[in-house]
Each structure stands twice: as C-alpha cells, then as structure tokens.
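Under this note's numbering, read the sequence shown as residues 17 to 370, first letter to last. The beta-carbon is built from N, C-alpha and C at its ideal position, and this holds for glycine as well. Please read these numbers as outputs of a predicted model, since none were measured by experiment. Here's the structure we're looking at; comments come further down.
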Amino acid sequence: MLVLGIETSCDETAAALVTDDGSVVSDAVHSQIKLHAPYGGVVPELASRDHLRNVRPVIREVFAKASLEPSAITGIAVTCRPGLTGALLVGVQAAKGLAFALDKPIVGVDHLVGHLLAVFLKFPGAAEQAPAEYPFVALLASGGHTAIYRVDGPRLAQVTELGATRDDAAGECFDKVGKLLGLGYPGGPLIDKLAKDGNPDAIELPWPMRRKGSLEFSFSGLKSNMMRWVTEHGLPGDDQKLRDVCAAFQRRVVDTLIWKTLEAARAERVRTIVLAGGVAANRELRERSAAQAAVHGIRVVVPPFKACTDNASMIAYAGIQRLALGENDAQSLVTSPHTALPQSTKKGRGKRED
Ligand code: KG4
Ligand code: ZN
C-alpha cells in the first residue's frame, strides 16, 4: 500500500507518502512558526489562511520528490481531529477533493493516534532501531496535549488513557515559560538548547504535583513559580543565569514526565515505553528516560526527531491501519475539535480521585 497523508490541524501544513511497513517515501512540512511568532502563539485565522495557500504545494511536492503520479496511491489519510476547526477543514476538503477526483478511499485520522504511532516510521537514511512492541505505555507530550496511554495495538479502540494533565500541556508550559523569559516562540526547542549549558541545581524551584499512585499531571503551578522567580530575581540576561533557569525548569518538567510514565509502565507490567509528540524531541527527556527506565529493565523507544513534531507521515501510517481493513469514510468525513480517544482525567480544579 502507498498512502498519501495530509496534516493541517495546527501550525504545520504537511503531506507525505508512506508504505504499509512505515517507510516514508517522501514528506514535506511547511511550518508557520515565523507567521505566528510575533503573537507568541498560534492565531487560528492566520493558520487556516496559510494552510489554504500551502496545502496544494506540499501535496505536489511529495509526488514530485517521489517521481510518482497521484494515481499511484492506494488511498488518502487526513487529520480530522483534534485541532483548530478552520485549519482541519482545509486539509479535509483538499483530501476529499483529491479522493473524489482519483476515485480512491479516504480515512480520517485522530492526530493523537498519529503521534502515538510515529515510532513505527522509517525515514530513508535514518539509523534502524528495534521496533516497539505492543503492548506499550506511551507518553504523549505536545503543545496541546499531555497524557499517558496504554497502547495494545494500532487501532483507536486499542488505546486507553491512563492519566492526563489537569491544566497546561507540557509543551504549552515550555512555550509560556519561554515567552516569560523573553526567548521567543516556540519556547520548547529554545529552552532545550539553553538548558544544555545550565546547572539544574543552581536555582531553587518547587517540583510539580507528584502524588503517588496518580498518573495525572499539573504544570500550571510550575508556570506560576517561574513567574514568581522572575518577579523576585528579575529577568536574566543572555548569561549563565538564563541557562541555569532553563536547566532547572526543564529538569522539573522532564523528571515529572519520566516518573509518571515509569510508574504507569510498572503498574501496567509492560516492558516498553514510547515517547511521542513535540516534547519527545527534548534532548534531556530522551536521555534521562532511557537511563531511568533501564534500571527497571524497561526499554524506551523514541521516534526519529522529525517524526516527533507535527508531520503527515504519522497520519499516513495511522490511516494505513484503517485502509488495510477496507475502511472508507468517503465524502461523509467530518472534523471535530476534540480527540476521539476516551479521556479519564477531569480538566481544571476540583476534587481529585484517589
Ligand atoms: O506535537 P507538536 O509539534 O504540536 C502539537 O500537536 O502541539 O508539539 C509542539 C510542542 C511545542 O509546545 C514545542 O515547544 C514543543 O512541542 N517542543 C519541545 C521541543 N521541541 C518541540 N519541547 C521541549 N523540547 C524540545 N526540544
Ligand atoms: Zn501534534
């Protein structure tokens, strides 16, 4: 099977051609980072307009790179949820038009399932790693979502949420703290780079919520503590202090993510942890999770860097799982701002279940 994937749920317009063994034949990502940077976050209206400009060029690009005609594909997979409605609509309409014109099947993909399966992608020239094996526990940490899942197979019904954030997503916390420190957008990769040369123990900061047995996260307290620190000590310049602050903040986010994910893997008695989503590109998270899991005989499998942040290859691969069973959403495909994965964590304040 050769499937065209299309992704337009947030601030990346992406297309990819992927085969059923997860091999990426060609991919293209047009990032809107520069467009949204002056606003410090994604502006939905600007996002949809930019997707509209770029969706056809990225689709053409992947066929040109692969020297293939559109008629060569088996079907189309497109992100239909969760995401910004206007942005999702652009990808879904483009996919429907193409499916109709080519008379090919089309399936909608939940963006979160795409992230969870990104670990199975094989990019040309990338180092081969032993594939992840089901069942595994996955930490999905991106700009919009942070949750731990048990994954028994590639289908939506085989994914169970074990716990999620009560408030901010981990990536959102990186981005807000990056903004607070005057670093620009998105804060995650910028903090990651600065933290490399910082000392995480040089700055005193409280740790985020860590109740034993709970697999829920809360990052809003850490964000407030960072604000308090800046109020008390002033904004650090481009110096060692800034690197130390980034290192201390990052250590708290990363270790919290690792502790809870390890706790989940041990409770579920699985031997494999998969990291997914944009925050899985974080250098410290990749290194420290592997070391800490090894102590418990657990293996951590991480997607290649470019498969962690938003891309269409993961959408194509997730769609292949449905297309292979003969499924076809055809022209009835609709969008939704919400994930189709059942959620166990209640957002916001209030009594927690113990
Ligand atoms: O998965 P993604 O590309 O988009 C969403 O679906 O949200 O994730 C983007 C998020 C942003 O919040 C970004 O700051 C964060 O991933 N991110 C990182 C790193 N690279 C991207 N966070 C920490 N360290 C990184 N190296
Ligand atoms: Zn994403």
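Asked	Found
Per DSSP, cross-strand counterpart(s) of Leu-156	Ala-163, Ala-292
For Pro-222, the nearest candidate out of Leu-197, Asp-213, Arg-268 (CA to CA)	Arg-268
Given 8 Å, three or more beta-carbon pairs between the segment 208-218 and the segment 167-182	no
Validate contact between the segment 327-344 and the segment 187-196 using beta carbons, cut 8 Å, 3 pairs	no
Terminal residues of the beta strand (DSSP E) in which Arg-315 lies	315-317
Buried or exposed (CB count within 10 angstroms, at least 16 for buried), Ile-22	buried
At least 3 beta-carbon pairs within less than 8 Å: the segment 195-203 vs the segment 122-138	no
Alpha carbon of Ala-31 to alpha carbon of Arg-166, nearest angstrom	28 Å
Ala-157 versus Gly-294 - alpha carbon distance	7 Å
In DSSP terms, what Ala-93 is bridged to	Gly-21, Val-123
Inter-residue Cα distance where the pair is Thr-361 and Gly-99	19 Å
Nonlocal neighbours in the same chain, by C-beta distance under 6 Å from Ala-218, ignoring five residues either side	Asp-260
By C-beta, the residues closer than 5 Å to any heavy atom of ligand 3, given in chain order	This structure lacks ligand 3; the ligands present are ligand 1 and ligand 2.
Under 9 Å between C-beta atoms of Glu-188 and Leu-231	no
Cβ shell of Gln-337 (< 8 Å), same chain only, five flanking positions each side left out	Leu-133, Pro-170, Arg-171
Any non-hydrogen atom of ligand 2 closer than 8 Å to Ser-352 Cβ	no
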